[in-house]
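Just so you know, the protein sequences line up as chains A and B, in that order.
Numbering-wise (this note's numbering), the first sequence opens with residue 17 and increments by one.
Numbering-wise (this note's numbering), the second sequence opens with residue 17 and increments by one.
2 protein chains.
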Amino acid sequence: MTVYSQINKNISRYVPFEKEELEIFNSLLEHKKIVKKTTLLRAGEQCSFEAFLIKGSARKYYIDGSGAEVILQLAVEDAWLSDISFSMYEDSPSNVFIETLEDCEFFVFSPESKESLFKKAPRFERAYRILMERHLAVTQNRLFETIAKTATDKYVAFLEQYPEYANRFAQHYIASYLGISPEFLSKIRNKLARL
Amino acid sequence: MTVYSQINKNISRYVPFEKEELEIFNSLLEHKKIVKKTTLLRAGEQCSFEAFLIKGSARKYYIDGSGAEVILQLAVEDAWLSDISFSMYEDSPSNVFIETLEDCEFFVFSPESKESLFKKAPRFERAYRILMERHLAVTQNRLFETIAKTATDKYVAFLEQYPEYANRFAQHYIASYLGISPEFLSKIRNKLARL
DNA sequence: CGAAAATTTGACATGACTCAACTGGAGTGG
DNA sequence: CCACTCCAGTTGAGTCATGTCAAATTTTCG
Numbered sequence: 017m018t019v020y021s022q023i024n025k026n027i028s029r030y031v032p033f034e035k036e037e038l039e040i041f042n043s044l045l046e047h048k049k050i051v052k053k054t055t056l057l058r059a060g061e062q063c064s065f066e067a068f069l070i071k072g073s074a075r076k077y078y079i080d081g082s083g084a085e086v087i088l089q090l091a092v093e094d095a096w097l098s099d100i101s102f103s104m105y106e107d108s109p110s111n112v113f114i115e116t117l118e119d120c121e122f123f124v125f126s127p128e129s130k131e132s133l134f135k136k137a138p139r140f141e142r143a144y145r146i147l148m149e150r151h152l153a154v155t156q157n158r159l160f161e162t163i164a165k166t167a168t169d170k171y172v173a174f175l176e177q178y179p180e181y182a183n184r185f186a187q188h189y190i191a192s193y194l195g196i197s198p199e200f201l202s203k204i205r206n207k208l209a210r211l
Numbered sequence: 017m018t019v020y021s022q023i024n025k026n027i028s029r030y031v032p033f034e035k036e037e038l039e040i041f042n043s044l045l046e047h048k049k050i051v052k053k054t055t056l057l058r059a060g061e062q063c064s065f066e067a068f069l070i071k072g073s074a075r076k077y078y079i080d081g082s083g084a085e086v087i088l089q090l091a092v093e094d095a096w097l098s099d100i101s102f103s104m105y106e107d108s109p110s111n112v113f114i115e116t117l118e119d120c121e122f123f124v125f126s127p128e129s130k131e132s133l134f135k136k137a138p139r140f141e142r143a144y145r146i147l148m149e150r151h152l153a154v155t156q157n158r159l160f161e162t163i164a165k166t167a168t169d170k171y172v173a174f175l176e177q178y179p180e181y182a183n184r185f186a187q188h189y190i191a192s193y194l195g196i197s198p199e200f201l202s203k204i205r206n207k208l209a210r211l
């Protein structure tokens, strides 16, 4: 039981790695502790990170030019957080922010160490490909629900899918994640409670 | 100039491949011609495909239990279409359909030949990882716009991003893609035209 | 040409937002 | 430990954006 066991179990989920491979992996990780309510930078510079949450919780969100904010991800232990965004490829001014909500422990890859990992142990490309596929599948599903479902149904589906998130995250963050106003979510909850 | 040049150029975009690698790649592709208005199967069976459109256009859409339909992708030449979906991993009954809209030419990977590709030429894992990352970035951006923008703004942004799609795809498909009703899109267009 | 599908248009219904006021904790400093 | 502040959540009134339905019109295509 080392500090690496969580992340090693996670990365090995779809691709079984040799001990030597995992040692390379671990040697490239940077361990970070960050107190709650800290915004992990995103000040324009190319700072593409790939983070794995060991402990605590965080949110990832967009802000566009007109100040609109949408939470793209609510994360707890064992989640991957990366700042992949459209603007990485195009050049729109949209921005991804990551902010800790509770005190957190992370593992972080810098872009260089990630490339270095792929060079030294190319099979990690596969693990990351599968990770991306899953992430994409979840995002597509969420896009679908956002479009097709009513606010109440979205909230009910959210509760089913992430039962423990309801107590863990502030209500207005959940509202932003679901794409509804905090006031309206409050009314939905009131209505559901009275049934 | 062979029939493979389009797809080879595309797959080499982020990872430069050797001639031998591309030959392996090409040998595993299945070339298909499909007339318009054909639904590529998705009848429950595990038929995870990865397709590349050479010619024509197609749409990918979800239908959930209650019959709601949302277009996840409108595709033209040079686009990748895959049936990655939440239900691949979980076991919800949601379904992805792919339907040709014009007469199409495709290259298709079966799941086996894709695995075989990765075994014979592992560097393709990298190309697919990057492909997935891009796809994810686009989907996240679209999720953001769906939540944060008004219907009119979404349509205007759509026109800017895909100017040629407006004539190429039926209006009600564009409406479904944007998550608005076809009638309302018609009214938006009317309003924009009068400005 | 004729049938079927797509689009338009208008009347109406409603889901969801905004704004503002109020309530209730949680944290802070004296 | 109290008083104060601050933020999250609630509630209600009014409004707006968007959806629904149905009919009229136009386009597509066999």
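Glycine included, C-beta positions come from ideal geometry on N, C-alpha and C.
Values in this document were obtained by computation on a predicted structure and should not be read as measured data.
- In this structure, DSSP gives T155(B) a helical state, which the three-state scheme calls helix.
- The alpha helix (DSSP H) runs lying completely inside the region 36-72 of chain A and spanning 4 residues or more number zero.
- The C-alpha of F65(B) is placed about 15 angstroms away from the C-alpha of L147(B).
- The region 125-137 of chain B makes contact with the region 42-56 of chain B, as at least three CB pairs between them are under 8 angstroms.
- Think of a sphere of 9 angstroms around the beta carbon of D80(B): the chain A residues whose beta carbon falls inside it are F160, E161, A164, K165, in chain order.
- Residues of the same chain with a CB within less than 6 angstroms of the CB of I50(A), apart from the 5 flanking positions on each side, are T116, C120 in chain order.
- If you compare the alpha carbons of I70(A), Y171(A), R158(A), T55(A) with that of K76(A), the shortest gap goes to T55(A).
- Around the Cβ of D94(B), a 10 Å sphere holds fewer than 16 other Cβ atoms; the residue is exposed.
- G195(B) places its beta carbon less than 8 angstroms from that of T162(B).
- Taking every protein chain shown into account, the CB of S197(B) has fewer than 16 other CB atoms within 10 angstroms, so this residue is exposed.
- I87(B): not part of any alpha helix (DSSP H); member of the beta strand (DSSP E) spanning 85-91, first to last residue.
- The continuous beta strand (DSSP E) containing F122(A) extends over residues 120-125.
- In this structure, DSSP gives T116(B) an extended state, which the three-state scheme calls strand.
- Look at A74(A) here: in three-state DSSP terms it is strand.
- Within the same chain, Cβ atoms closer than 7 angstroms to the Cβ of Y171(B) are found at L194, L201, I204, the five residues on either side in sequence being excluded.
- Runs of alpha helix (DSSP H) with 4 or more residues, each lying fully within the region 161-197 of chain B, are found at 167-177, 181-184, 187-194, listed in chain order.
- Among the CB atoms of chain B, one or more fall inside 8 angstroms of the CB of S101(A).
- The three-state reading of DSSP puts I79(A) in strand, counting E and B together.
- Annotation for S21(B): the continuous alpha helix (DSSP H) segment containing it runs 21-27.
- The C-beta distance from V86(B) to F160(A) rounds to 5 angstroms, short enough to fall under 8 angstroms.
- Taking 8 angstroms as the threshold, the shortest C-beta distance from F41(A) to chain B does not fall below it.
- Its chain contains E85, N111, F113 as the residues whose beta carbon lies nearer than 7 angstroms to that of I79(B), once the 5 sequence neighbours on both sides are disregarded; these appear in chain order.
- Its chain contains I23, W96, F123 as the residues whose beta carbon lies nearer than 6 angstroms to that of F68(B), once the 5 sequence neighbours on both sides are disregarded; these appear in chain order.
- Residue contact check for Q156(B) against chain A: a CB pair falls below 8 angstroms.
- When secondary structure is reduced to three states using DSSP, L97(A) falls in the strand class.
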